[in-house]
Amino acid sequence: MGTSTDRMPMGKMRRNMSLMWKLLAIIVIIQASGISAKSN
Numbered sequence: 012m013g014t015s016t017d018r019m020p021m022g023k024m025r026r027n028m029s030l031m032w033k034l035l036a037i038i039v040i041i042q043a044s045g046i047s048a049k050s051n
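So in this note's numbering, spot 40 of the sequence shown is number 51, and the numbers just go up one at a time.
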């Protein structure tokens, strides 16, 4: 696992991180909307 990440360029890693954060934000929004829908 360590070797595969070391082989990856920094730019690619940064792009993957930003993509991960976008996914996380979408999940949080979905969860929040689901909670508000349940309370209503």
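Using N, Cα and C, we set each Cβ at its ideal position, and we do this for glycine too. The structure displayed is predicted, hence computed values, not measured ones.
Any idea what DSSP makes of S29, helix, strand or coil? Here residue 29 corresponds to residue number 18 of the sequence shown, with the count starting at 1. Note: S29 maps to helix in three-state DSSP.
Can you give me the C-alpha to C-alpha distance between A36 and M28, rounded to a whole angstrom? Here residue 36 refers to the residue found at position 25 when the sequence shown is read from its first residue. Here residue 28 refers to the residue found at position 17 when the sequence shown is read from its first residue. Their Cα atoms are separated by approximately 12 Å.
Nearest-angstrom Cα distance between P20 and W32? What you label residue 20 is simply residue 9 of the sequence shown in a count that begins at 1. What you label residue 32 is simply residue 21 of the sequence shown in a count that begins at 1. Rounded to the nearest angstrom, the two C-alpha atoms are 19 Å apart.
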